[in-house]
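**Student:** Before we start, here is the structure in question, set down as structure tokens.
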Amino acid sequence: LRLGILGSGYGSNFEAILKAIKSRSLDAEIAVVMSDVEDSRILEKAREAGLPAIFVDPGTHPLRLPSGPQKEILDHLERHGVQVVVLAGFMRLLKEPVLSAYRDRIVNIHPSLLPKYKGRDAWVQALEAGETEAGCTVHLVNEDLDGGEILAQQAVPILPRDTSETLLARIHEAEHGLLPKVLGEWKSSGRKID
Ligand code: GRF
5 LRLGILGSGY GSNFEAILKA IKSRSLDAEI AVVMSDVEDS RILEKAREAG
55 LPAIFVDPGT HPLRLPSGPQ KEILDHLERH GVQVVVLAGF MRLLKEPVLS
105 AYRDRIVNIH PSLLPKYKGR DAWVQALEAG ETEAGCTVHL VNEDLDGGEI
155 LAQQAVPILP RDTSETLLAR IHEAEHGLLP KVLGEWKSSG RKID
């Protein structure tokens with residue numbers, strides 16, 4: 005499975021995928037890594053791993069991603085022969101033409117048990133709501149923010165003394181197991197690859 009990974013930040017999920025590939029627990033290859041943040045750790049880590057690492061200039065708006073960069077992302081995905089796109093902490097919404105070109109072939113990892121707590125800081129929302137459980141979700145990406153078909157979830161407990169940091173660390177650990185697992189089962193579960 006040829007993967008294209010998009011992220012804006014630290015890249016721990018990218019690292020988890022890379023580790024799973026190296027240890028042969030995931031039969032896949034990372035064709036390209038892209039980011040909307042030029043000095044992001046994810047790009048730095050991708051370069052260190054010898055992978056194509058591309059900064060896509062998002063323009064001046066802090067949240068939106070205009071059509072120019074959306075097209076640029078699609079060009080890079082196609083040029084690198086990407087079959088499945090992984091959003092690993094990518095903080096902008098993907099739109100056309102990427103969504104149609106990669107329909108049912110884009111996954112996102114989100115730090116909550118969707119459909120609960122969409123959007124930013126989802127684990128803080130769960131903590132503040134007094135939940136006893138949080139978790140992470142791998143889902144397909146469509147036009148709706150954190151709203152596509154759920155592929156897999158893993159719950160983690162919220163403990164009485166948890167802070168947002170301790171809870172996030174527990175969720176991240178769950179993410180690092182869940183995301184490579186879903187990708188590893190992609191072909192056998194009959195999901196689209198092209
Ligand atoms: C993860 O918590 C993921 O759920 C969210 O963004 C974070 C990315 O972390 N969408 P990292 O960059 O993979 O370390």
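Letter by letter, the sequence shown follows residues 5 to 198 of UniProt numbering. Using N, Cα and C, we set each Cβ at its ideal position, and we do this for glycine too.
1) Do residue 89 and residue 110 have their C-beta atoms closer together than 8 angstroms?
2) Compare the Cα-Cα distances from residue 2 to each of 136, 85, 69 and report the closest residue.
3) Go ahead and label residue 141 buried or exposed: buried means 16 or more other beta carbons lie within 10 angstroms of its beta carbon, across all protein chains shown.
4) Assuming the contact rule is C-beta atoms closer than 8 angstroms, residue 37 and residue 59 should be a hit. Round their C-beta distance to whole Å, please.
5) Where do the N-terminal and C-terminal ends of the beta strand (DSSP E) with residue 59 fall, by residue?
6) Taking 7 angstroms as the cut-off, is the beta-carbon of residue 143 closer than that to any non-hydrogen atom of the ligand GRF?
7) Please determine, among 104, 41, 155, the residue with the shortest C-alpha to C-alpha distance to residue 193.
8) Is it buried or exposed, residue 40, if we count other Cβ atoms within 10 angstroms and call 16 or more buried?
9) By Cβ distance, which residues of its chain are closer than 6 angstroms to residue 91, with the 5 residues on each side in sequence left out?
10) Please identify the residue among 82, 83, 81, 61 whose C-alpha is closest to the C-alpha of residue 73.
11) With DSSP as the reference, identify every bridge partner of residue 138, one or two as the case may be.
12) Just to check, is the beta-carbon of residue 110 closer than 7 angstroms to a non-hydrogen atom of the ligand GRF?
13) Where residue 198 and residue 32 are concerned, what is the direct C-alpha to C-alpha distance, given to the nearest angstrom?
14) Does DSSP classify residue 6 as helix, strand or coil?
15) On the criterion of 16 or more Cβ atoms from any shown chain inside 10 Å, does residue 29 qualify as buried, or is it exposed?
16) Per DSSP, which one or two residues make a beta bridge with residue 39?
17) Only counting the same chain, and skipping five residues up and downstream in sequence, which positions put a Cβ closer than 6 angstroms to that of residue 55?
18) For the segment 119-135 against the segment 100-110, do three or more pairs of beta-carbon atoms, one drawn from each stretch, fall closer than 8 angstroms, so that the two count as touching?
19) By Cβ distance, which residues of its chain are closer than 7 angstroms to residue 20, with the 5 residues on each side in sequence left out?
**Tutor:** Working from what's here:
1) With respect to residue 110, residue 89 sits close: the two C-beta atoms are nearer than 8 angstroms.
2) Since the first and last residues shown for the chain are 5 and 198, residue 2 lies out of range.
3) buried
4) The pair is not a contact, with the Cβ atoms about 10 angstroms apart (cut-off 8 angstroms).
5) 57-59
6) no
7) 155
8) Residue 40 should be labelled buried.
9) 10, 112
10) 61
11) 160
12) no
13) 15 angstroms
14) strand
15) The residue is exposed, with fewer than 16 neighbouring Cβ atoms inside 10 Å.
16) 59
17) 34, 37
18) no
19) 180, 183, 184
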